[in-house]
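Q: Chains as they are written, first to last, in the working numbering: chain A, 40 to 219; chain B, 40 to 219; chain C, 327 to 682; chain D, 327 to 682; chain E, 6 to 81; chain F, 6 to 81; chain G, 356 to 610; chain H, 356 to 610.
All residues carry an ideal CB built from backbone N, CA and C; glycine is no exception.
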Amino acid sequence: MHQSIVFSGFGGQGALFAGQVLTYAAMDTGRHVTWIPSYGPEMRGGVARCTVIVSDDEIGSPIVRNPDVAVVFNNPSLEKFQTEVRSGGLMVVNSSMINVSVDRSDIRTLWIAGGEIAIELGDVRMTNMVLLGAMLAANPVVELSAAEQALRDHLPERKQHLADPNVEVLRRGYRTATKE
Amino acid sequence: MHQSIVFSGFGGQGALFAGQVLTYAAMDTGRHVTWIPSYGPEMRGGVARCTVIVSDDEIGSPIVRNPDVAVVFNNPSLEKFQTEVRSGGLMVVNSSMINVSVDRSDIRTLWIAGGEIAIELGDVRMTNMVLLGAMLAANPVVELSAAEQALRDHLPERKQHLADPNVEVLRRGYRTATKE
Amino acid sequence: MARELWKGNEALAEASVRAGLVAYFGYPITPQTELLEYLSLRMVKLGRAFLQAESELAAINMVYGAACTGVRVMTSSSSPGISLMQEGLSYIAASEVPVVLVDIMRGGPGLGNIQPSQGDYFQVTRAAGHGDFHPLVLAPATVQEAVDLVYLAFDLAEKYRTIVIVVADGNIGQMMEPAEMPPMRKVKKDRPDWALTGADGREHRIITSLELGAERLEALNLRLQKKIARIRQAEVRYQEHKVEDADILIAAFGTMGRISQTAAEMARAKGIKAGVFRPISLFPFPDERLEELSRQVSRILVVEMNAGQMLDDVRLAVGKDFPVEFYGRMGGVVPLPDDVLEVVERIGAELNDEQR
Amino acid sequence: MARELWKGNEALAEASVRAGLVAYFGYPITPQTELLEYLSLRMVKLGRAFLQAESELAAINMVYGAACTGVRVMTSSSSPGISLMQEGLSYIAASEVPVVLVDIMRGGPGLGNIQPSQGDYFQVTRAAGHGDFHPLVLAPATVQEAVDLVYLAFDLAEKYRTIVIVVADGNIGQMMEPAEMPPMRKVKKDRPDWALTGADGREHRIITSLELGAERLEALNLRLQKKIARIRQAEVRYQEHKVEDADILIAAFGTMGRISQTAAEMARAKGIKAGVFRPISLFPFPDERLEELSRQVSRILVVEMNAGQMLDDVRLAVGKDFPVEFYGRMGGVVPLPDDVLEVVERIGAELNDEQR
Amino acid sequence: MAKGRIVIDEGRCKGCELCISVCPPEILVVSSRLNERGYLAVEVMDMDRCTGCSLCAVICPDVCITVYRQVPARSR
Amino acid sequence: MAKGRIVIDEGRCKGCELCISVCPPEILVVSSRLNERGYLAVEVMDMDRCTGCSLCAVICPDVCITVYRQVPARSR
Amino acid sequence: MNNAEEKLVFERPRSLTDAHTHYCPGCTHGIAHRLVAEALDELGLRERTLGIAPVGCAVLAYYYFNVDMAEAAHGRAPAMATGMKRANPDKILFTYQGDGDLAAIGAGEIVHAAGRGENITVIFINNAIYGMTGGQMAPTTLEGQKTTSSPMGRDISIAGHPLRMSELLATLDGAAYVARGSLHDPKHIRRAKKAILTAFKVQQAGLGFSMVELLSACGTNWKMDPVEALGWIKDNMVPYFPLGDYKVTDAVKNL
Amino acid sequence: MNNAEEKLVFERPRSLTDAHTHYCPGCTHGIAHRLVAEALDELGLRERTLGIAPVGCAVLAYYYFNVDMAEAAHGRAPAMATGMKRANPDKILFTYQGDGDLAAIGAGEIVHAAGRGENITVIFINNAIYGMTGGQMAPTTLEGQKTTSSPMGRDISIAGHPLRMSELLATLDGAAYVARGSLHDPKHIRRAKKAILTAFKVQQAGLGFSMVELLSACGTNWKMDPVEALGWIKDNMVPYFPLGDYKVTDAVKNL
Ligand SMILES: Cc1ncc(C[n+]2csc(CCOP(=O)(O)OP(=O)(O)O)c2C)c(N)n1
Ligand SMILES: Cc1ncc(C[n+]2csc(CCOP(=O)(O)OP(=O)(O)O)c2C)c(N)n1
Ligand code: SF4
Ligand code: SF4
Ligand code: SF4
Ligand code: SF4
Ligand code: SF4
Ligand code: SF4
Ligand SMILES: [Mg+2]
Ligand SMILES: [Mg+2]
């Protein structure tokens, strides 16, 4: 198993953290992992993006041109990755923020209303967990439970009170995607 | 013709300027010349020394290990150059400041009371011209008149009033050495 | 110690703490800043010295001062900041005090940008300042290796009384990977016998890089050259990946080493026998081993994130007649495995043609 | 213009004035200081800009500023001061503004001493700052050549919008030799079309070394590399002395070139056919010509006042299998002709043995 | 009370709300329109109450606001 | 008037004459003896008039001068 | 008000380009830019002005000012401006620098530019933080202020007291005009504008070094919304960095 | 005076080595050395003192002080001392710096060391010239003073006014004790000694940055004999560089 997953959104949407949760989960289940951000210019705002690689073997390149999976949070991310995801790959699309259509027939596309679900469960800032949960449903690179555990273990101390809601959102994303 | 001449003394004794006068004189008579100081540590006092090369051909190295001629103003200089002057070479010794004996029989040694003569003619600081004059008598690398002209031409503006006395001293050095 | 997920910069910081770091002086600059930020909390909590200097110039001279007292000390920066340290590095080298420096390289020249680059290779291996000296230069390719090398760097710095530079591109500073932290070492209480500790019951000691007499300065230089020779002898480090039967050998360091490894695997999947030679010590450069390998492979491809700097060392090692090709990207563009593969395939095709 | 006796440093200064120098910024350091001192009077009397900066760091950035306005500008220093200019030089190179720098090298590393040295070869040719760039580097061997090269340097700097470094050891700065000064050029009134002169009736202009996008910074780098390629093509300079029938070729630059010439003459007097190859442009290095010569001589002896820096370029040019020997002195020790002769004689004897 | 009018360059507005915080008649509000750069631009709720005091323009970091004011017509 | 005595480390003296310039009784002079480093060292002309005031020592840049002063003997 | 005509009372100055800035919402760098541009417009200096952008959040200022500009190395803007001015005494030179740039790495260059009475104008943006690199401590960071490199708050016993640069530079003979303003409300913004005008007039008249320090907000790194951030300037920065003129030579008074 | 015994009233301090200095005859660097050494002796600090020699005429000071010493890069002594002190808070640190070193190339480092209240002692030798390199203009060179790089005399319109460093540094909060003395006659030398003692006491007590500036002679480059040179300090330097205490915090007063 060797899989590359990109998370991409605006700064503040939590794409980087979603990637980290996945990375922790995969690491804790014994996989080789890398997580690398595409760190932007020395200034505010802009894009937040990371690439996670999960593999049974030692990982060479931590970056790829054509990821297996892209979880896209916003329009620009969709535009970029709908050309980059490899043929046969998966794209998880945050339909709450994205109004562009996908015109790739050689990839699987999963639309999920990340924003709405997160708001429904309490806070739009949990959109990232909806999308992660959904991705895991469509592409079980790790068990959902591993992701839940990773989330609990790696939320910073001062955010531990958000663990439960986030886990709930993660599950909801997973379930929503499973249904579809 | 290719000759290397070292002038060596304490800082302030005018060894560097004596070398420059010779260099100018040789240059003005159409020779190839180089003048190079052994510039000392970034601090006061100490040694002042220069090497002049006069040649009919283009000059390669501006420095030599065994000069043809050494004009030594003080004890340390004599000690250094009496071992370094090449066999068959010439050493001009300022007897006014030097009380060490010379034990080289394979070189010519010319003792000249540079200090006394300079004082007699007005200023101990003209010792350098006595020694230069003497050297030219023993070793006519340039004509005395060329040295006189060089001296007049290259004394800095603000020292032009010293030209006549210096020329006189130069001649006196020359004559004294010729007599001997 | 369990493996944990570490960001490269923070891993470098923590490993340094564990190596017994007594004092850190640095200045913020992307993509290195997390190292400084991490230590701003960690060192202070441990009661050790942390100071954000007013500049890189000040930082390296603070490091110089602390190093003169025989304690473990480091600074870190990125390319423009390293340039500002050149005078200080030259003084440190000449004074023979141990110092560890981390350079998380970014795109240059000038202000450039903050994207990953390997453009400081010449600066760190050839001319980290005026005069003749070479720091010992180590280039990790993974976060774990960054941890291990910086931990080792303190020992090597002390052993040889030299500067050890751990040099990595921004990718390594910014990425997260699992790593196992080395054990926490106690801060050594005793100081080496050359250190400035106060002239108490002994002659006063002097640390200087000034030698007014040419012969004395030459003697110092000969001592430095001898040390460099010892380092060349003992501290060569490299990693090989499938070189045994390789036709095409990719030579690359740091991140480019691991990316090339992926490219080599892709090439092998297409039937091209590619292997990777990854120098870990950039100085001393593993020239002997590379020369040896050159006798067994058909072609060497050097891949760097610069205009071809390690390339000189490769050419010096294998000679001008051996066919060496170069693929380099600059300005923060990171060559991806398929970019490298493309070149490897082209070379593979050429080799085939030649054989026909 | 008649030949006059000039001290190297002052000759460099006067030649720069005649080349149309508009502004000089520098800081005292032996053995370069006379250059600054000379200009402190000459420039002020001409009504041009002279400023003793607070440091070399400030000086190079003042130079950078003036250069952005399209005027002829220079600074000068010696080894430690050059180290302090590395960041500025990298910015200047990336911004592509023309700058002339004189480096009168002294013994290093560190404070070292003020005696002659050639220890900055790597720094000026390989890594005058972080990132990929190479200044054009010219190394005179006589005062006349110093005059001619610095005069030329301003033209080359403008032509290529690059840094030109005139590099010499302390001997050349301190010695006096006859030299003919070039004619006095008028200070040009018009400014190039990239210069900052005020956005009067045109778009505002920007000079920067920042390119945030990796692709854009790569484009800048490719432009710099192209320029370097053009320079390699057009600006190779060297001098040869009796190489036609030489058995042993001494490769040496600057003062060591002329000292080697004397040594070669001495060797010939003893029946050894020695010749001298003196690179005048250190970057671009005259590698092609040297390679050519290597096919005709039996041995190359590299002589430098350092631990072997140009040596790398020689090896890169002639390959690792050609027998290259090295003789170097450091710390301000200047090899004399008989020192070099000794090595040449030893090589001569070996060659004789081999032929037997 | 002087009568004023402002024009907001919505594309430039970053929704920082500084203008809102200083407008004496409190007539500025955040609109519901996302501009191209993803910000909710500010708009004028009730232009009639604008005095043309320019405080909003003075504090706007993005120089989005142009201000006009009614002045008595000059007699020739 | 207190009675003093000074000892000049002649080998250290550089003949700068600063001591001479400050000695109140003006008892210091340049000797005619060149020391090993080529300087004409200073000497005391008339030690009897030395007060032990130490001014010479205080100003001597080369710390060549040691000063003693007669003090009433302490009774046990 | 039939008998009224509409007059344009506030518009974008000519010395700004049309570019959208990259600054965070509410970042007062934008206000400072506008004030400088207005001053250049009003004094008719745009066409002969050369500006220097710093390394810092304002690194791209050259896209926003419609004047010829260069980008300096971190902290070296005063040296660069010196070089430009000495070679072009007829030009108007300004540097635009942050507190990390001017007060930390560039302390030597600013002290000497002021000391020499270099005839340039410095716009000094004091936001008590390193904005661009993500919020590290600056020399002007207040005691107890939390930053990413003083996570427990600036500790005076480690990092020393915050530097007051206007006070420091005002002591130098070469400084003709040094003033500190603030950008936290319209009244102070207007005052700041006057100071900037004065500074450029000082340069026009060749009276020597002029600098205007501006207390500025960095909501992003202070972790406040823009309006809060302005309040923080008023409540915390102004007391430590008192506003006003620190140096007005007689020649400047007589301008 | 039979009933008298001879007492040693002045001798070479222990904190000086026996080495002969390389200074020119009459160079007051030698006096400054002695004062520092005496202070260390009197306070019993020699054994735990680390000193930093500058680049300048005092570059070989490490041969003359009988304490552990390092040689700094030009101007960087305060940074180096900071590094040493932070890693060794129990040691006493002093730098010994010339005016080129401290006021020109090292201006940034000294401002920040003082600003941070770095607990070190700086001995600052102001001789209005670059001695070591042969007499170029220093930041402290007086108006009209001829040097090899201001051959027509320092021109204020080019080089600016001489910098008064004690005044400048005294404005910083971190500076606990800043004083200027002079070495031109025994009375002032004795006062200078007191200042140096105070400075080291300040450091011992951990009160922050201390500096003593000493007006010093460079007859060689001023082209005067030693006695004339001292007169020149008195007549020309003292009026421009007034002597006295520039900063004495309350804590220092209570020492
Ligand atoms: C030599 C060097 N050191 C460090 C940096 C990284 N750096 C970029 S901006 C900056 C600080 C900017 O802070 P400030 O000057 O206060 O400007 P602000 O962003 O707050 O406006 C730093 C340290 C650099 N680019 N160059
Ligand atoms: C980086 C660097 N720049 C310049 C020099 C040359 N240099 C040596 S000493 C000195 C000035 C010394 O003047 P000052 O600090 O006043 O000390 P003084 O000799 O007057 O006691 C200079 C410029 C150097 N060694 N290093
Ligand atoms: S001009 Fe004054 S009244 Fe009108 S919107 Fe702006 S702040 Fe409000
Ligand atoms: S101040 Fe300007 S940018 Fe901010 S909300 Fe108002 S109009 Fe928009
Ligand atoms: S101690 Fe006083 S009286 Fe005696 S020699 Fe010295 S200065 Fe003169
Ligand atoms: S002051 Fe000292 S060095 Fe100078 S002459 Fe007197 S004893 Fe000699
Ligand atoms: S980080 Fe701070 S200073 Fe920088 S643009 Fe944002 S608010 Fe402004
Ligand atoms: S040059 Fe001046 S400062 Fe240096 S030792 Fe001589 S007198 Fe003293
Ligand atoms: Mg800031
Ligand atoms: Mg001085």
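DSSP three-state label for methionine 501/D, please.
A: In the fourth sequence, residue 501/D corresponds to position 175, counting from 1. Coil.
Q: Quick one: is aspartate 67/E buried, meaning 16 or more other Cβ sit within 10 Å of its Cβ, or exposed?
A: Position 62 of the fifth sequence holds residue 67/E. By the neighbour-count rule (16 or more Cβ atoms within 10 Å), aspartate 67/E is buried.
Q: If we cut at 8 Å on Cβ distances, does threonine 488/C have a partner in chain H?
A: Indexing the third sequence from 1 puts residue 488/C at position 162. For threonine 488/C, the answer is no, since every Cβ of chain H falls outside 8 Å of its Cβ.
Q: Can you check whether the C-beta of cysteine 573/G is within less than 8 Å of a C-beta belonging to chain E?
A: Start at 1 with the first residue of the seventh sequence, and residue 573/G comes out as number 218. No, cysteine 573/G lies away from the interface with chain E (no Cβ there is under 8 Å from its Cβ).
Q: Between glycine 99/B and chain D, is the shortest Cβ-Cβ distance under 8 Å, so that the two count as touching?
A: Position 60 of the second sequence, counting from 1, holds the residue named residue 99/B. For glycine 99/B, the answer is yes, since a Cβ of chain D falls inside 8 Å of its Cβ.
Q: Measuring from the CB of tyrosine 378/G, is there a heavy atom of ligand 7 at a distance below 7 Å?
A: Here residue 378/G corresponds to residue number 23 of the seventh sequence, with the count starting at 1. Yes, Cβ of tyrosine 378/G sits closer than 7 Å to a heavy atom of ligand 7.
Q: For a contact meaning CB atoms closer than 8 Å, what does glutamine 59/A contact in chain C?
A: Here the question's residue 59/A lines up with position 20 in the first sequence. Those are Leu331, Met502, listed as they occur along chain C.
Q: Residue ranges of each beta strand (DSSP E) run of no fewer than 3 residues wholly in the region 515-574 of chain C, ordered along the chain?
A: Qualifying beta strand (DSSP E) stretches, in chain order: 564-567.
Q: In whole angstroms, give me the CA-to-CA distance for methionine 82/B and glutamate 618/C.
A: Indexing the second sequence from 1 puts residue 82/B at position 43. Indexing the third sequence from 1 puts residue 618/C at position 292. Note that methionine 82/B scores a pLDDT of 45, beneath 50, so its modelled location is shaky and nothing firm can be said.
Q: How is the alpha helix (DSSP H) around isoleucine 158/A delimited, first residue to last?
A: To locate residue 158/A, count along the first sequence from 1; it is residue 119. From DSSP, the alpha helix (DSSP H) with isoleucine 158/A extends over 153-159.
Q: Hey, valine 493/C and leucine 608/C: beta-carbon distance below 8 Å or not?
A: Sequence index remark: in the third sequence, residue 493/C carries index 167 (1-based). Sequence index remark: in the third sequence, residue 608/C carries index 282 (1-based). Yes.
Q: For a minimum of 3 consecutive residues, which ranges assigned as the beta strand (DSSP E) are wholly contained in the region 556-606 of chain H?
A: For the region 556-606 of chain H, whole beta strand (DSSP E) runs of length 3 or above, ordered along the chain, are 564-570, 599-603.
Q: Does any residue of chain C bring its CB to less than 8 Å from the CB of methionine 566/G?
A: By one-based count along the seventh sequence, residue 566/G stands at place 211. False, the Cβ-Cβ gap to chain C never drops below 8 Å.
Q: Which residues, taken in chain order from the region 649-660 of chain C, show a beta carbon closer than 7 Å to some beta carbon of chain D?
A: Under the 7 Å Cβ criterion, the region 649-660 of chain C contributes Arg655, Met656, Gly657, Gly658, Val659.
Q: How about the region 420-427 of chain C and the region 393-401 of chain C: do they share at least three Cβ pairs that are nearer than 8 Å?
A: Yes, since at least three Cβ pairs between the region 420-427 of chain C and the region 393-401 of chain C fall closer than 8 Å, the two stretches touch.
Q: Using beta carbons (cut-off 8 Å, strictly below), is glutamate 81/B in contact with chain D?
A: Here residue 81/B corresponds to residue number 42 of the second sequence, with the count starting at 1. In this predicted model, glutamate 81/B has a pLDDT of only 40, less than 50, meaning its place in the structure is not dependable enough to derive any value.
Q: With distances taken between CB atoms, is the gap from glycine 332/H to arginine 546/H smaller than 8 Å?
A: Residue 332/H lies beyond the stretch modelled for chain H, which goes from 356 to 610, so this question has no answer here.
Q: With a cut-off of 8 Å on the beta carbons, I'd call arginine 398/D and valine 348/D a contact; round off their distance for me.
A: Reading the fourth sequence from its first residue, position 72 is the one you call residue 398/D. Reading the fourth sequence from its first residue, position 22 is the one you call residue 348/D. With a Cβ gap of about 5 Å, arginine 398/D and valine 348/D count as contacting.
Q: Is there contact here, the region 415-430 of chain G with the region 576-588 of chain G, by at least three beta-carbon pairs under 8 Å?
A: Cβ pair count under 8 Å is below three, so no.
Q: In angstroms, rounded to a whole number, what distance separates the CA positions of glutamine 444/D and asparagine 105/B?
A: In the fourth sequence, the residue the question calls residue 444/D occupies position 118. In the second sequence, the residue the question calls residue 105/B occupies position 66. Rounded to the nearest angstrom, the two C-alpha atoms are 24 Å apart.
Q: Output the residue ranges of the beta strand (DSSP E) runs that lie fully inside the region 437-482 of chain C and measure 3 residues or longer, sorted by chain position.
A: 462-464, all fully within the region 437-482 of chain C.
Q: Mark threonine 356/D as exposed unless 16 or more other C-beta atoms lie within 10 angstroms of its C-beta, in which case mark it buried.
A: Along the fourth sequence, read from residue 1 onward, the residue named residue 356/D stands at position 30. Per the 10 Å Cβ criterion, buried.
Q: Confirm, please, whether the CB-CB distance from leucine 331/D to proline 504/D is below 8 Å.
A: The residue you call residue 504/D lines up with position 178 of the fourth sequence. The residue you call residue 331/D lines up with position 5 of the fourth sequence. Yes. Within cutoff.
Q: Quick one: Cα of arginine 38/E to Cα of serine 535/D, how far?
A: Against the fifth sequence, residue 38/E aligns to sequence position 33. Against the fourth sequence, residue 535/D aligns to sequence position 209. Cα to Cα, the separation comes out at about 37 Å.
Q: Closer than 8 Å by beta-carbon distance: list the chain D residues that pair up with valine 410/H, in chain order.
A: Stepping through the eighth sequence from its first residue, residue 410/H is reached at position 55. What valine 410/H touches in chain D: Leu437.
Q: Using the beta-carbon of each residue, which ones in chain C are nearer than 8 Å to alanine 419/D?
A: Translated into the one-based positions of the fourth sequence, residue 419/D becomes position 93. By Cβ distance, chain C contributes Pro435, Gly436.
Q: Would you call the region 369-376 of chain G and the region 466-477 of chain G in contact, with 3 or more CB pairs under 8 Å?
A: No, the region 369-376 of chain G is not in contact with the region 466-477 of chain G.
Q: Assuming alanine 7/F is part of the beta strand (DSSP E), what are its boundary residues?
A: Sequence index remark: in the sixth sequence, residue 7/F carries index 2 (1-based). That residue, alanine 7/F, is in no beta strand (DSSP E); it is neither H nor E in DSSP.
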